[in-house]
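In my numbering, the protein residues as written are 649 to 812.
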């Protein structure tokens, strides 16, 4: 039998399960780093997804805990979408993907794993990035440790939140 090693998963498997929303976080530098926060604006933030669909999968979130677009003020919605646009540009500049999936899953029926806190997925894609592994063995191959991806992306997000 073949084995794929994913040593970073052990922290999730054995780790203490969090109570509350995993997208809500403290404002200290340590809390921001633990959540892989790349940048923040007045009312939104960009985080590297800890359990990605593909390498450099980002989540853009309102910092206020809301479940749907209708619950956002016009300013919060604008801020969120400006960070989506800026994040897309930063990913393209940093990683040169061949394409990108951007989307919001509202409700469990739509595929939301977390219904309580609105979030926008940005998933950079490369030609051939998901070969046969998900189909044959229900396994995703992520080519880089999250910490390494975070370090590579940070410089491209330095001023993004400050632009708002």
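Ideal Cβ positions, reconstructed from N, Cα and C, are used throughout, including at glycine.
Looking only at its chain, what residues have a beta carbon closer than 7 Å to the beta carbon of residue 805, apart from the 5 residues adjacent to it on each side? 686, 687, 694 and 738
ask   = Can you tell me the Cα-Cα spacing of residue 692 and residue 673, whole angstroms?
value = 12 Å
Could you tell me which of 677, 747, 722 and 713 sits nearest to residue 705, measuring between CA atoms? 747
- [ ] Could you tell me whether the stretch 743-759 touches the stretch 720-731, where touching means 3 or more Cβ pairs closer than 8 Å?
- [x] no
message = Measuring straight from C-alpha to C-alpha, what distance separates residue 724 and residue 710?
response = 7 Å
Worksheet item: With a cut-off of 8 Å, does the C-beta of residue 707 fall near any C-beta of chain B?
Response: Here chain B cannot be found, since the structure has a single protein chain.
What's the C-alpha gap between residue 745 and residue 698? 20 Å
According to the neighbour-count rule (16 or more other Cβ atoms, all chains shown, within 10 Å of its Cβ), is residue 702 buried or exposed? buried
Could you give the residue range of the beta strand (DSSP E) that holds residue 707? 706-710
**Prompt:** Just how far apart, CA to CA, sit residue 765 and residue 715?
**Reply:** 5 Å
For the candidate residues 772, 696, 735 and 717, whose alpha-carbon lies nearest to that of residue 796?
-> 696
Cα separation between residue 742 and residue 773?
-> 13 Å
Looking only at its chain, what residues have a beta carbon closer than 6 Å to the beta carbon of residue 802, apart from the 5 residues adjacent to it on each side? none
So residue 676 packs on residue 708, CB below 8 Å; how close in whole Å?
-> Actually they are not in contact, since the Cβ atoms of residue 676 and residue 708 sit about 21 Å apart, beyond 8 Å.
- Message: With H, G and I counted as helix, E and B as strand and the rest as coil, what does DSSP make of residue 797?
- Response: helix
For residue 761 and residue 807, what's the separation of their Cα atoms in angstroms? 30 Å
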